[in-house]
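The structure under discussion appears below in the form of structure tokens.
In the UniProt record's numbering, the protein residues as written are 1 to 354.
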């Protein structure tokens, strides 16, 4: 009765803007862009049917879940109108994605969301918004506003299909009377030809974003999480801070029992391809728990719980995570593979088989 809790869904794929930057060439292929645009179209339709205008549709506000499906987030400037055709006159939003009529003070309706939708489709295919024409001018709001009202958009990449270019041209009409104002009008656009809308609504279609999400996870495991692990092992006291609840989380005992767990021999493809040669060496090594009473003994189960926590965040098995971690250590000359590579005062050691 005395506390208010706000629970939100965790979207493991991050936001669309970051995803675009990480894509090959800094932009999405048309299949991926079509999928995101189609799901976003359904999200906007849902809001507009309830007389809600989002007013800040942009790539930062499109989140990606672990399955590669999208969520339209950040409704803090959205507004519910009294009728379907009503307008709101507050000037809000992000300059580069704001519709011309809003910038002119003529108010905004659901049509302004479709302009922003067009900006986002352009950004997915070109790797940058259409206005201003020079990307370096994005930091100058006055220049951005001037170009949205009077300037020419940046060119689309030569590889852009005619269907995609036509959709963008239709959405970026400065005269809102010429711009589509209903989602059903866009469903029939050639760009969305072949989309199974009912299956898409039911999330029954596999996301083309998934392979890239998995690749991004693997890359993160080799950088951010590897660095986090280095911090944990170089300063074992970090494990004690707020980790009491994790004791025994992996089903193990807080006191080592002397049993050794042998590393498995099966590497997943994305780890094996990157670590084939060295992994063959590591596959014959064993974990060696610290002896009872040693300085590292009481940290053992907490350390294993922390390893499991980090590996789950990376989308990897414990074995895959540890292989990536020790390869990172070796690459940084943090340890050497000799008779015994010990870390953090016997908290964990690798010993070759005898």
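The beta-carbon is built from N, C-alpha and C at its ideal position, and this holds for glycine as well.
Inset, instruction - Measuring alpha carbon to alpha carbon, tell me which of 137, 54, 190 and 158 ends up nearest residue 117. - result: Translated into positions along the chain shown, residue 117 becomes position 117. For the residues 137, 54, 190 and 158, the minimum Cα distance to residue 117 belongs to 54.
Legend entry - Burial state of residue 135, where buried means 16 or more other Cβ atoms lie within 10 Å: Locating residue 135 in the chain shown gives position 135, where the first residue counts as 1. When all chains shown are included, residue 135 counts as exposed.
Legend entry - Given residue 147 as reference, the closest of 129, 42 and 164 once Cα atoms are compared: Counting from 1 along the chain shown, the entry for residue 147 is found at position 147. Here the closest residue by C-alpha is 129.
Legend entry - Which listed residue (83, 127 and 203) has its alpha carbon closest to that of residue 18: In the chain shown, the residue the question calls residue 18 occupies position 18. The shortest C-alpha separation from residue 18 is found at 127.
Inset, instruction - Give me the Cα-Cα distance between residue 155 and residue 4, rounded to the nearest whole angstrom. - result: Working through the chain shown from its first residue, we reach residue 155 at position 155. Working through the chain shown from its first residue, we reach residue 4 at position 4. When rounded, the distance between both Cα atoms is 49 Å.
Inset, instruction - Answer yes or no: do residue 181 and residue 110 have a C-beta to C-beta separation smaller than 8 Å? - result: The residue you call residue 181 lines up with position 181 of the chain shown. The residue you call residue 110 lines up with position 110 of the chain shown. For residue 181 and residue 110, yes; Cβs fall inside 8 Å.
Inset, instruction - Count the other CB atoms, across all protein chains shown, that sit within 10 Å of the CB of residue 10; report buried if there are 16 or more and exposed otherwise. - result: As a working mapping, residue 10 is identified with position 10 in the chain shown. Answer is exposed; the Cβ neighbour count stays below 16.
Inset, instruction - Mind listing, in chain order, the continuous beta strand (DSSP E) runs of no fewer than 3 residues lying wholly within the segment 26-100? - result: 62-64 and 70-72
Legend entry - Meets three-Cβ-pair contact criterion under 8 Å: the segment 68-84 and the segment 39-58: yes
Legend entry - Proximity of residue 78 and residue 210 at Cβ, strictly below 8 Å: If you number the chain shown from 1, residue 78 lands on position 78. If you number the chain shown from 1, residue 210 lands on position 210. Taking the C-beta atoms as reference points, residue 210 is found no nearer than 8 Å to residue 78.
Legend entry - Straight-line Cα distance separating residue 319 from residue 306: Taking the first residue of the chain shown as position 1, residue 306 is located at position 306. Taking the first residue of the chain shown as position 1, residue 319 is located at position 319. Straight-line Cα distance between these residues: approximately 13 Å.
Inset, instruction - Could you check the C-alpha separation between residue 170 and residue 163 for me, to the nearest Å? - result: Against the chain shown, residue 170 aligns to sequence position 170. Against the chain shown, residue 163 aligns to sequence position 163. Straight-line Cα distance between these residues: approximately 11 Å.
Legend entry - Backbone CA spacing between residue 106 and residue 112 [nearest angstrom]: In the chain shown, the residue the question calls residue 106 occupies position 106. In the chain shown, the residue the question calls residue 112 occupies position 112. Approximately 11 Å, taken between the alpha carbons.
Legend entry - Spatial neighbours of residue 160 in its chain, beta-carbon cut-off 6 Å, leaving aside the 5 residues before and after: Translated into positions along the chain shown, residue 160 becomes position 160. Hits under 6 Å: 125.
Legend entry - Minimum C-alpha distance to residue 56 - residue among 69, 64 and 40: Taking the chain shown and counting its residues from 1, the one referred to as residue 56 is at position 56. Among 69, 64 and 40, the Cα nearest to that of residue 56 is on 40.
Legend entry - Bridge partner(s) assigned by DSSP for residue 308: Against the chain shown, residue 308 aligns to sequence position 308. The bridge partners DSSP lists for residue 308 come to none.
Inset, instruction - Run the CB neighbour count on residue 194, radius 10 Å, all protein chains shown included, and call it buried at 16 or more, exposed below. - result: As a position in the chain shown, residue 194 is number 194, starting the count at 1. Residue burial is scored here from C-beta neighbours: residue 194 has fewer than 16 other C-beta atoms within 10 angstroms and is therefore classed as exposed.
Inset, instruction - May I have the straight-line CA-CA distance separating residue 201 from residue 101, to the nearest angstrom? - result: Looking up residue 201 in the chain shown gives position 201. Looking up residue 101 in the chain shown gives position 101. Distance between the alpha carbons of residue 201 and residue 101: 31 Å.
Inset, instruction - Ignoring anything shorter than 4 residues or poking outside the segment 140-227, list the alpha helix (DSSP H) runs there in chain order. - result: 141-150, 162-171, 183-187, 197-201 and 210-222
Legend entry - Short Cβ contact (8 Å threshold) for residue 149 with residue 166: Numbered from its first residue, the chain shown carries residue 149 at position 149. Numbered from its first residue, the chain shown carries residue 166 at position 166. No. Outside cutoff.
Legend entry - Member of 187, 208 and 96 whose CA lies at the smallest distance from the CA of residue 153: Counting from 1 along the chain shown, the entry for residue 153 is found at position 153. With distances taken between Cα atoms, residue 153 lies closest to 96.
Inset, instruction - Please say whether residue 70 and residue 14 have beta carbons closer to each other than 8 Å? - result: Within the chain shown, numbered from 1, the residue matching residue 14 stands at position 14. Within the chain shown, numbered from 1, the residue matching residue 70 stands at position 70. No, they are not a contact pair.
Inset, instruction - Over the uninterrupted alpha helix (DSSP H) stretch that includes residue 123, give me the two end residues. - result: Position 123 of the chain shown, counted from the start, is the residue given in the question as residue 123. Counting along the chain, the alpha helix (DSSP H) containing residue 123 begins and ends at 110-126.
Inset, instruction - Please determine, among 309, 138 and 43, the residue with the shortest C-alpha to C-alpha distance to residue 74. - result: Position 74 of the chain shown holds residue 74. Residue 43 is the option with its Cα nearest to residue 74.
Legend entry - First through last residue of the alpha helix (DSSP H) which encompasses residue 19: By one-based count along the chain shown, residue 19 stands at place 19. That run of the alpha helix (DSSP H) goes 16-22.
Legend entry - residue 132 classed as buried or exposed, judged by whether at least 16 other C-beta atoms fall within 10 angstroms: By one-based count along the chain shown, residue 132 stands at place 132. That one is buried.
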